[in-house]
Amino acid sequence: MMYKIARENLSALFRKIAEQQELYLPVRRAGQVNFGVWSEEAVVDLDTLKSVKSPKDVFFPQSENLYTVQKEGRKLNVCPQDLQEKDFVVFGMRSCDVQGLCVLDRVFLSEPVDTYYAARREHGAIVALACHEPEESCFCKVFGIDCANPGALPETAEGTGAENKKGGADVAAWLIGEELYWKAQTEKGEKLTEALKGILTDTGETEEQQKLAGEKVAREQAAIRAIVEQLPYSHLSLDGWNGAALNEKFNSPLWEELYKPCLACGTCTFVCPTCQCYDIKDYDTGHGVQRYRCWDSCMYSDFTMMAHGNNRTSQMQRFRQRFMHKLVYFPANNDGMYSCVGCGRCVEKCPASLNIVKVIKKFQEEKQKAQAAEMAGGDQL
Amino acid sequence: MPMKDEFKPKIVAFCCNWCSYAGADLAGSSRLTYPADVKIIRVPCSCRVNPMFILRAFEKGADGVILCGCHPGDCHYSTGNYYARRRMTLLFSMLDYLGVENGRTRVEWVSAAEGVKFSQTMNEFVEKIHSLGKNVRLEDLRCRKE
Amino acid sequence: MQEGMKNGCAGAPAVLLERISTLLAEGTVARVLGWKAGDMAYNPEPAYFETQEALKDFVYDGFCGANLSKYMIEASKLEGKTLVCLKPCDTYSFNQLLKEHRVDREKAYIIGVGCGGKLDVEQIRRKGIKGIQSIDGAQLVWEESDPGTELKGIGDDVLTIRTIYGEKTLPYGEALLERCHVCKGKEHRVYDELIGQSRDTKDADRFAQVERIEAMSPEEKFAFFQQELSKCIRCNACRNVCPACSCRKCVFDSNKFDSSQKANADSFEEKMFHIIRAFHVAGRCTDCGECSRVCPQGIPLHLFNRKFIKDINELYGTYQAGENAEDKMPLTSFDFGDAEPGIVGERG
């Protein structure tokens, strides 16, 4: 059943959701859009395609407390951190971001399960929004993601989706002109829809009216897909990126050239919806210790630092690690699922204009060159 | 007015070993009083104080930070306090720019003979911090004691 | 004068390309540090070129805005001379690095390239332009006249931006990096030779934004910076791109020091990081604006650096870091009559 709501009534919808649970959505603050908690004062921005930081932050915060040790005299008390217990809603995630969560699920929900993450996943309902105007840095299509159909799991996740029911969004939504169309996808989504029925309006009782609404959404989807076809990165080939290519890719001399402009900052990893590496640190509060974890970046020199030192000693190795992990190691360990979703945030934000697309293209170029040379060699014989 | 939440400011005073620390000593042996809220940290020279020390003090719960050194020209290492003077001027100006009340930081030159000045300065400073109240703008919430 | 378009990039002026090619062929330089065509109109990347053949990817257009001086730290460790293309503002950073013995003048062959203001794709996006397919008008327009001279201002120059959502135009001046609006001048401070002309882009006062903040009440100041800094994701891009941040190991990366380093753990930590970052480059920062350019969250980091510069100018005499490689730096020198720190409160 499809529902709709006028754009001007969205704040009433948000207010209604926020009455019962916490609501996260894209909020503009100091000129930038990031996912944040809704409040009456929050400036909600649903037209900006991508938040700077991906919404993975909501499920896997950049910094989160694991436990606290409190000192009382000579006694030490270990106080575990409370897990997420209340339901919450994330509104306005994009298809790529939703797929990003599927990648994180693979990591955090497989044994040993990360309880902090699992609790948030369990209590969070996702309302995913179709991408009305995809941008040139987007390449979700390459990974089989359909940004016109934000509720669905990507084609590539077939087979993996069935056993992992948490994949996909709970509600799919389309913002078309002055109306938002809303369609529940899961039980959680149905429940949320039920609670909002006073504000969401039926698109119509009759089958005819439902069909009309369906057609409107279908037209929007067709328009989105037509734009996606035109995007410069949409037809990128991932040919040759898989676990079998590990040695060939790892030992390629191209990395030496590719990494050169890299500044070793963590921008790409911190805006990424799938980067899942974290570090665990202690903070001395003066009256105890907080053990917290925070996102780590494979671009940093102290990444995976151990007592004996670091196993990646040069920036080239660190740079290579990021792309090998996304395109080779991860699919090798996860039934071919890439840990890139083509959101294009790193493409937009890299201070040195480096990115995963350039890496993929460079390898392909070299492969074509080699093939051409082989052909030419063959001709001479 | 309930009296139980009376504000007890925490003050950190960085004192150079050669002049101001001796000045504090003199204040003590002369039986001049200054509030016990002032915690003195002895440093070899006022120039030893890294801007980070000041910020760290605030982070861990100080409500005011004061730096005392030899009078300009009297530095044990001849020029240390001149460098400190420039650094602290810029740092204080930056804190003011960020909206931190500018009375929370102070530099005072106190010689080994100025026990009176030391105690006066500290009394004044504590009073000032009293009037400003608790430091919240440069506080690390993790360090707050529930 | 223009080479053909390369992957949508506007190519490089022929005089520059020819000269570079010659210097490389002669063996005067072992490599060129310049720009390689990106795969979009606006994303050329810094790159090394070691052969003439490789130069086919060389570009130099309005989007080549990054400051290459910092790359010269690494290039100074390589065998032979590295040719580097520096804009006028980059040469300040190079001088500063020279002063600090972080680059080797003998290992550098500096071509001072004319600058007509550099473009910022973020500014274009901020105007609501998206789905960019190509951009026309980012080429450098150099005349046959003397290099180093100044041409007329940007005037009516316009960028034509073709997007998936239709063609848009934008005055060149509205797509400039923040730093270009407060340009320090088009004179190169260190170079081996000059190629191309510059044009004036300055149309704002460098300290106007700082003054505006200074005039706020403490509550407003605090709220302003709190908002801006709360966006910080501690990616360290501002630090890593900064030519003045050339420490081998940053204090914030030290494992002997309790810093959250890469975690946005508390609002205090963000403040401390940005105050200390600015403080560590105070008196050395040339105001090249790279920190603000690279910030993924668009935090106006130059406001910190410029505050220090403004204070230094007012309290210790006007000083421009990188103007030459000899001056004493304001924080490693002093005057007997310097102002007391109490002046901060007195100035109000």
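Chains as they are written, first to last, in this note's numbering: chain A, 184 to 564; chain B, 2 to 147; chain C, 5 to 352. Glycine is no exception: its CB is placed at the ideal position from the N, C-alpha and C atoms.
Assumed close pair residue i, residue j - CB separation to whole angstroms, cut-off 8 Å
i, j, result
"A:CYS279", "A:CYS330", "7 Å"
"A:TYR299", "A:ARG474", "About 12 Å separates the two Cβ atoms, so there is no contact after all."
"A:GLY525", "A:PHE322", "4 Å"
"A:THR450", "A:CYS533", "6 Å"
"C:CYS289", "C:ALA248", "5 Å"
"C:LYS85", "C:TYR113", "5 Å"
"A:VAL281", "A:ALA352", "5 Å"
"A:TYR461", "A:ARG476", "5 Å"
"B:LEU92", "B:ILE55", "7 Å"
"A:TYR186", "A:THR376", "7 Å"
Chain B within 8 Å of residue i, Cβ atoms only
i, result
"C:PHE211", "no"
"A:TYR124", "Because chain A in this structure spans residues 184 to 564, residue 124 of chain A falls outside the shown range and cannot be described."
"C:PRO345", "yes"
"C:PHE53", "no"
"A:GLN473", "yes"
"A:GLY387", "no"
"A:GLU346", "In this prediction, A:GLU346 has a pLDDT of 42, which is less than 50 and means its spatial position is unreliable; nothing more can be read from the coordinates."
"C:GLY321", "no"
"C:GLU223", "yes"
Test: residue i CB closer than 8 Å to a CB of chain C
i, result
"B:ASP64", "no"
"A:ILE410", "yes"
"A:LYS439", "Per the sequence presented here, residue 439 of chain A reads as Glu, with Lys not at that position. Not closer than 8 Å to any Cβ of chain C, the Cβ of A:GLU439 fails to qualify, so no."
"A:GLN413", "yes"
"A:ALA556", "no"
"A:GLU341", "Reliability fails at A:GLU341, whose pLDDT of 46 lies under 50, so the model's placement of it is uncertain and the value that follows must be treated cautiously. For A:GLU341, the answer is no, since every Cβ of chain C falls outside 8 Å of its Cβ."
"A:PRO444", "yes"
"A:GLU223", "no"
"B:ASP75", "no"
"B:ARG88", "yes"
Pair within 8 Å by beta-carbon distance, residue i and residue j
i, j, result
"A:TRP365", "A:ILE188", "yes"
"A:PRO317", "A:ILE407", "yes"
"A:ALA356", "A:ALA311", "yes"
"A:SER237", "A:VAL454", "yes"
"A:LYS239", "A:GLY283", "yes"
"C:PHE277", "C:PHE256", "yes"
"C:VAL285", "C:CYS246", "yes"
"C:GLY177", "C:ILE158", "yes"
"B:LEU139", "C:PHE272", "yes"
"C:SER202", "C:GLY120", "yes"
"B:LEU27", "B:ALA113", "yes"
"C:LYS275", "C:ARG238", "no"
"C:LYS235", "A:ALA559", "no"
"A:MET499", "A:ALA447", "no"
CB contact below 8 Å: residue i versus chain A
i, result
"B:LYS61", "yes"
"C:ASP262", "yes"
"C:CYS292", "no"
"C:ASP257", "yes"
Per-residue burial, residue i [other beta carbons within 10 Å of its own, 16 or more giving buried]
i, result
"B:SER120", "buried"
"C:PRO345", "buried"
"A:PRO436", "exposed"
"A:VAL226", "exposed"
"C:HIS192", "buried"
"C:ASP262", "exposed"
"C:THR336", "exposed"
"A:LEU429", "exposed"
"A:ALA401", "exposed"
"A:LYS348", "Low confidence applies to A:LYS348: its pLDDT is 44, below 50, so where it sits in the model is not reliable, and the reading given next is rough at best. A:LYS348 is exposed by the Cβ-count criterion."
Contact list for residue i against chain F, beta-carbon separation under 7 Å
i, result
"B:CYS144", "The chain inventory of the structure shown lacks chain F, comprising the protein chains A, B and C."
**Report entry** Stretch pair the segment 175 to 190 of chain C + the segment 83 to 94 of chain C: three plus CB contacts closer than 8 Å
**Finding:** yes
Report task. Check whether the segment 60 to 72 of chain C touches the segment 553 to 561 of chain A, counting contact only when three or more Cβ pairs, one atom from each stretch, lie closer than 8 Å. Result -> no
Query raised in the report: On the three-pair Cβ rule with 8 Å, is the segment 15 to 24 of chain B touching the segment 63 to 76 of chain B?
Result: yes
Query raised in the report: Using 8 Å as the Cβ pair cut-off and three pairs as the minimum, do the segment 99 to 107 of chain B and the segment 219 to 229 of chain C touch?
Result: yes
**Report entry** Cβ contact check for the segment 212 to 220 of chain C and the segment 152 to 167 of chain C: 3 or more pairs under 8 Å
**Finding:** no
**Report entry** At least 3 beta-carbon pairs within less than 8 Å: the segment 33 to 40 of chain C vs the segment 66 to 81 of chain C
**Finding:** yes
Query raised in the report: Are the segment 250 to 261 of chain A and the segment 416 to 427 of chain A in contact at 8 Å, needing three or more beta carbon pairs?
Result: no
**Report entry** the segment 31 to 51 of chain B contacting the segment 75 to 83 of chain B, beta-carbon criterion three pairs below 8 Å
**Finding:** yes
Query raised in the report: On the three-pair Cβ rule with 8 Å, is the segment 498 to 515 of chain A touching the segment 271 to 278 of chain A?
Result: no
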